[in-house]
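What follows is a set of notes on a single structure, which appears directly below.
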Amino acid sequence: MVSATDHLANERTFLAWVRTGIALIGFGFVIAKFAIFLDLIKETKDVSISSSVVYGEVLIFMGALTITYGIYSYVAVEKDLQRGEYKSRSLQNTIFAGSIIVIALVMSFLLL
1 MVSATDHLAN ERTFLAWVRT GIALIGFGFV IAKFAIFLDL IKETKDVSIS
51 SSVVYGEVLI FMGALTITYG IYSYVAVEKD LQRGEYKSRS LQNTIFAGSI
101 IVIALVMSFL LL
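Just so we're aligned, residue 1 is where the sequence shown starts under full-length UniProt numbering, counting upward by one.
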């Protein structure tokens with residue numbers, strides 16, 4: 001028997017995914033805009049894309065990816081709840097987490 005608390009718990013989990021994605025997107029914008037601000041302070045005429053802008057864009061992409069995965073997870077769990085069953089998504093969660101870790105490691109090695 002599925003109760004309203006199950007659906008509400010799924011919704012809270014979804015909102016946590018969205019909050020995390022928004023935080024990543026916001027942090028990405030801060031990094032990218034700060035780099036552009038520093039270029040403006042230098043008063044250089046050449047416009048170049050610094051590595052900070054690229055890192056900011058990667059964080060924005062990771063935030064969008066996080067929200068997208070949150071939507072996928074929310075819809076999948078809702079379908080399970082409506083059928084009265086639950087399937088573990090440990091493989092999908094592991095793949096998602098591994099992807100984020102790989103992106104983070106690649107970006108950190110590029111900083112060296």
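Idealized CB from N, CA, C, for every residue including glycine.
Reduced DSSP category for residue i - H, G, I as helix; E, B as strand; rest coil
i: Arg89; result: coil
i: Met1; result: coil
i: Ser51; result: helix
i: Gly98; result: helix
i: Gly84; result: coil
Residue i: first and last residue of the uninterrupted alpha helix (DSSP H) it sits in
i: Gly28; result: 4–42
C-alpha gap between residue i and residue j, whole angstroms
i: Glu57; j: Ala32; result: 7 angstroms
i: Arg89; j: Val106; result: 26 angstroms
i: Ala104; j: Phe34; result: 20 angstroms
i: Arg12; j: Asp39; result: 41 angstroms
i: Leu15; j: Met1; result: 24 angstroms
i: Leu91; j: Thr20; result: 21 angstroms
i: Ala4; j: Ile100; result: 32 angstroms
i: Val30; j: Tyr72; result: 27 angstroms
i: Ala64; j: Tyr74; result: 15 angstroms
Buried or exposed by the 16-neighbour rule on C-beta atoms within 10 Å, applied to residue i
i: Gly28; result: buried
i: Ile67; result: buried
i: Tyr69; result: buried
i: Ile41; result: exposed
i: Leu110; result: exposed
i: Met62; result: buried
i: Leu24; result: buried
i: Ile95; result: exposed
i: Ile22; result: exposed
Would the stretch 69–89 and the stretch 52–59 be scored as touching if the rule is three or more Cβ pairs under 8 angstroms?
The stretch 69–89 makes no contact with the stretch 52–59; the number of CB pairs closer than 8 angstroms stays below 3.
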